[in-house]
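Undergrad:
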């Protein structure tokens, strides 16, 4: 047999092996009700703006507590381990990766989607109002 | 609709620009046709026409770029591109960054570099000009279509081709503002995203886009050689272009990493972000292509794979462009462009060139001859080829994982309920697999050194090279042992990675020493070629060592020891720590003090003093200051960016970033809200008493009829008053709070004093004016005539007139052409206390404005009303208010959040210099390889 075929077979075998193991790194976006205790998941949702947002760096600079509604409308308390990001209240949606601990979702990894990051609609609107 | 005659618009750049854009587009079509015909008819005049048309396009595009710079520098906000990327405050040096901040600008940068490279090819004037530039014209045509901004409307169907960088704001949107004929004067620019206001952003994009553009050249050569059926002669010029391209693209990516490390706060140089990944992948396949190209040049093998690697590199560049610019990465990447409606054009870009390459290759592949016999296992080409396959494997893995958002979008097209997959721990996912790529590349690049090209006899290896291999392996083992003492590796896979990295470094060094230095005879391989390869491979090894050191041994200095239970996993690191101003905090061997903050322009800088102490904690080993900053948005209302600060040592870096500030300093709206919701209580007490309030004492120390406060800028006619309050508490805190109040016309402005240690804010209540300063009407003045040096008595006070002074013309009280005089008086009371008063007298428009002075503790007033210029006698009026102990009225808010706190993150990166050094050596190696091959031709 040609060496190139042996190498090819090895590569395919390695590829399949990697694909199977890599699938473990991947998860779907879930809702809070699907998130089992202690399992790492990613949840998307929106900030509950009517509930309290607590960040008190004098006491703990690594803790931001807020409430978040997932896509099904289920609301959970979220503890974010880290400093409060800029424009947190302005976020359109939040993606958190972490685990449920009791009734609280604990996350270290949070991504915010904020409106019009690069665009200058606001300035334009200001100009419009002045005019 | 009524046509409006707009005022103040500069229209000629728009018209000229539009003309040039269309002219460039059509002349590129002409050049493509001419090159095609020149190639088909083997005709030189068609080639000349092609060159002419292509150059005309180049000059047109240069002019368009110049026009855009002109309107940007002149700040013509009626142009949408100018409005979106520039504002009045933008410093000149960032105009370049602003130019390539947008999609249109970066496309033009790409087009610009294609032109430069095309001119180099024309100038070299080889037989490849027409076929290569034919394919480059096709690429250029697609790029030019991205910036046309032409609408096609057929019935209800409409299509917008590209986006014109010179379109007017009023052409791109329809808002009521444009019913105002003078709208131009009302426009403001948005300005450059503050994150991009960094010098790296001035140089990183042009280098990266030169890298992107240069990947087109090996691709065009590959297609041109298939087109012209020249299956061997293309290998030589293409290798040079491949080396050039890999070197420049690598430097471009490296600059991006340096920018991320220096300007972003995630604490690292590589985050495996899809945008980073998809620019790295073409580089990886390009490097694989260079290796198969080398094989093909030296043997007859790997010609076909060389085609594929070069084609793939270009297609991956286009794929990267598509991902970055289509808005599809919105969820997963922090630095994608905003969506611009170019999706269909981008899909065409990648689809067209994929199909073109596949079809052309399929037609010709039968004619490319390849040796029947396989590479021998004892030959260099065999091991190099395996290495290229490993690189391809790496490219596939990275691309597959980065493409998850595309996969999700595609599935969602068919199944709208599909919620999509995500990788939970992105960095770990990539590191885990790419580590093995690193191990394999390290060993392969080391081992291939011991083999020769075209070696048929596998047994030769067990002769002389065996001893060299043995020597290298032992030397690697020793170096590994030594480095492990520093690195403290935590797993066998890291040991393997370190060993392979050291192996390639030592094998390269050993080889260049024994083979090329020792053997100076005719048989010796070309020394300089080896030098290029040694630099590149050694650089790779060094980079891996740096990656291991900085990644595995990265240490948070700012570790919080007081972890709270129950809210987090035990493994979750506590990475931030809060500092109070002027209170040193101990963390992992360092005393850190937040000593000062300074505002300069849009930036606020925080001085952090680091003092490294030895284990006993007594001796200072090192002391330095780091100054991270935050950058406020262009309208100064919010924080737009946080810039870390880094202290570089030879073996490590210390990296500090501001993680959080008090909310009132983050957002001006919040600061106003906070001030509005604070509960100020009015407190009054006789001026000479000390009172207790909350848990501290307050006493009045001084009153001044001027004010200095960071928020106050004096204006003429102001009546300012600033009081000094001494604050003391039982635990020894002491402060002198200086709130101020200013009466301007009929409005009262209050400037609070904030005292963090007392958790309080102080304001002067306006009633203090009435109490402490009686209005003149309420006083009974008694005029006295005095000359310089004279002395009189008044209500038991001794008054001495010292002298007249002319007021300094720069005094803020004086307007232009005012004349001001002041007289110095010394007042003594019965107990012998004395006070100097200087009532003033201003002549403005022939009117006399007396400005009184007072001894507030005594309620004693003096004003100068008249000066007799001949005798020098002054009329000075005095008044003594009978109410003895005036009250001070304060407004005090307690339980105010501290404003002197700062949450920081401090990280130690050991060995990070090896990452940079290794990468730079790699790129120098690639570039050097190109230069050597240039000088030989």
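Residue numbers (my numbering), protein chains in the order written: chain S, 4 to 134; chain Z, 116 to 1052.
Cβ coordinates follow ideal geometry from the N, Cα and C atoms, glycine included.
For clarity, every value in this text was computed on a predicted model and none was experimentally measured.
1) Does the beta carbon of residue 28(S) sit closer than 8 Å to a beta carbon anywhere in chain Z?
2) Report the start-end ranges of each alpha helix (DSSP H) in the stretch 235-307 of chain Z that is 4 residues or longer and not cut off at the edges.
3) Assuming residue 496(Z) contacts residue 417(Z) (C-beta within less than 8 Å), just tell me the rounded distance between them.
4) Please confirm if residue 378(Z) has its CB atom under 8 Å from at least one CB of chain S.
5) Three or more C-beta pairs closer than 8 Å, one from the stretch 376-393 of chain Z and one from the stretch 509-517 of chain Z: is that the case here?
6) Compare the C-beta of residue 8(S) with all C-beta atoms of chain Z and state if any pair is closer than 8 Å.
7) Would the beta-carbon of residue 985(Z) be found less than 7 Å away from any heavy atom of the ligand PLP?
8) Are the C-beta atoms of residue 510(Z) and some chain S residue less than 8 Å apart?
9) Any C-beta of chain C sitting closer than 8 Å to the C-beta of residue 16(S)?
10) Using only the alpha-carbon positions, how far apart do residue 393(Z) and residue 700(Z) sit?
11) Between the stretch 393-421 of chain Z and chain S, which residues of the former have a C-beta closer than 7 Å to a C-beta of the latter?
12) Anything in the stretch 1002-1014 of chain Z with a Cβ closer than 7 Å to a Cβ of chain S? List those residues in chain order, please.
13) Any idea what DSSP makes of residue 779(Z), helix, strand or coil?
14) Going by other Cβ atoms of all chains shown within 10 Å of its Cβ, with 16 needed for buried, is residue 88(Z) buried or exposed?
15) Using a Cβ-Cβ cutoff of 7 Å, what residues of the stretch 59-84 of chain S are near chain Z? List them in chain order.
16) So for residue 810(Z), helix, strand or coil by DSSP?
17) Under a CB-based cut-off of 8 Å, is residue 536(Z) close to chain S?
18) Any C-beta of chain S sitting closer than 8 Å to the C-beta of residue 503(Z)?
19) DSSP state of residue 765(Z), grouped into three classes?
20) Look at the alpha carbon of residue 1047(Z) and the alpha carbon of residue 648(Z), and state the distance between them as a whole number of angstroms.
21) Buried or exposed: which applies to residue 825(Z), given that a residue is buried once 16 or more other Cβ atoms fall within 10 Å of its Cβ?
22) Anything in the stretch 1016-1030 of chain Z with a Cβ closer than 7 Å to a Cβ of chain S? List those residues in chain order, please.
23) Identify the continuous alpha helix (DSSP H) that holds residue 496(Z) and give its terminal residues.
24) Given residue 785(Z), which residues of its chain have a CB within under 7 Å of its CB, disregarding the five upstream and five downstream residues?
25) Just tell me which of 877(Z), 812(Z), 860(Z), 830(Z) has its CA closest to the CA of residue 1140(Z).
26) Using a C-beta to C-beta distance shorter than 7 Å, which residues of chain Z count as neighbours of residue 87(S)?
27) With distance defined between alpha-carbon atoms, name the residue in 251(Z), 228(Z), 815(Z), 379(Z) nearest to residue 323(Z).
28) Buried or exposed for residue 698(Z), going by 16 or more other Cβ atoms inside 10 Å?
29) As a quick exercise: from 441(Z), 348(Z), 360(Z), pick the residue whose alpha carbon is nearest that of residue 217(Z).
30) Closer than 8 Å is the cut-off here; do at least three beta carbon pairs connect the stretch 891-907 of chain Z with the stretch 861-875 of chain Z?
31) Going by CA-CA distance only, name the one from 340(Z), 362(Z), 607(Z), 391(Z) that's closest to residue 478(Z).
32) So the beta strand (DSSP E) residue 846(Z) belongs to, where does it begin and stop?
33) Terminal residues of the continuous beta strand (DSSP E) containing residue 481(Z)?
34) Does the Cβ of residue 271(Z) have 16 or more other Cβ atoms within 10 Å, making it buried, or fewer, making it exposed?
35) Between which two residues does the alpha helix (DSSP H) carrying residue 369(Z) extend?
36) List in chain order: all unbroken beta strand (DSSP E) runs of 3+ residues lying wholly within the stretch 165-196 of chain Z.
TA: With the given structure in hand:
1) Nearest CB-CB separation between residue 28(S) and chain Z: below the 8 Å threshold.
2) Taking only runs of at least 4 residues, the alpha helix (DSSP H) segments lying wholly in the stretch 235-307 of chain Z are 244-260, 284-287.
3) Yes, residue 496(Z) and residue 417(Z) are in contact; Cβ-Cβ is about 7 Å, under 8 Å.
4) Answer no: the Cβ-Cβ gap between residue 378(Z) and chain S never drops below 8 Å.
5) Yes, the stretch 376-393 of chain Z is in contact with the stretch 509-517 of chain Z.
6) Not closer than 8 Å to any Cβ of chain Z, the Cβ of residue 8(S) fails to qualify, so no.
7) This structure simply doesn't include the ligand PLP, nor any ligand for that matter.
8) No, residue 510(Z) does not count as interfacial toward chain S.
9) Protein chains in the displayed structure are S and Z, and chain C is not among them.
10) Each residue's alpha carbon lies about 42 Å from the other.
11) The stretch 393-421 of chain Z vs chain S, Cβ under 7 Å: nothing.
12) Those would be 1013, in chain order.
13) Three-state DSSP puts residue 779(Z) in a helix.
14) Absent from the model: residue 88(Z). The displayed extent of chain Z is 116 to 1052, so no value can be given.
15) Listed in sequence order: 60, 61, 63, 64, 65, 66, 82, 84.
16) The answer is coil: DSSP assigns residue 810(Z) none of H, G, I, E or B.
17) Interface criterion met: the Cβ of residue 536(Z) is under 8 Å from a Cβ in chain S.
18) It does not; no Cβ of chain S falls within 8 Å.
19) In the displayed model, residue 765(Z) falls within coil according to three-state DSSP, outside both helix and strand.
20) Near 12 Å, if we compare the C-alpha coordinates of residue 648(Z) and residue 1047(Z).
21) Residue 825(Z) is exposed by the Cβ-count criterion.
22) Of all residues in the stretch 1016-1030 of chain Z, 1016, 1018 have a Cβ within less than 7 Å of some Cβ in chain S.
23) Element bounds for residue 496(Z): 495-517.
24) Contacts found: 778, 779.
25) For residue 1140(Z) there is no data in the structure shown, the boundaries of chain Z being 116 and 1052.
26) Per Cβ cutoff of 7 Å: 775.
27) When only C-alpha atoms are compared, the closest one is 228(Z).
28) Label assigned to residue 698(Z): exposed.
29) For the set 441(Z), 348(Z), 360(Z), the Cα lying nearest the Cα of residue 217(Z) is the one of 441(Z).
30) Contact between the stretch 891-907 of chain Z and the stretch 861-875 of chain Z is absent: fewer than three C-beta pairs spanning the two stretches fall below 8 Å.
31) Selected option, being the one with the closest Cα: 340(Z).
32) Per DSSP, residue 846(Z) belongs to no beta strand (DSSP E) and is neither H nor E.
33) Segment: none, residue 481(Z) is in no beta strand (DSSP E) and carries neither H nor E.
34) Residue 271(Z) is exposed by the Cβ-count criterion.
35) Here the alpha helix (DSSP H) through residue 369(Z) covers 350-378.
36) Note on the stretch 165-196 of chain Z: there is no whole beta strand (DSSP E) run with a minimum of 3 residues.
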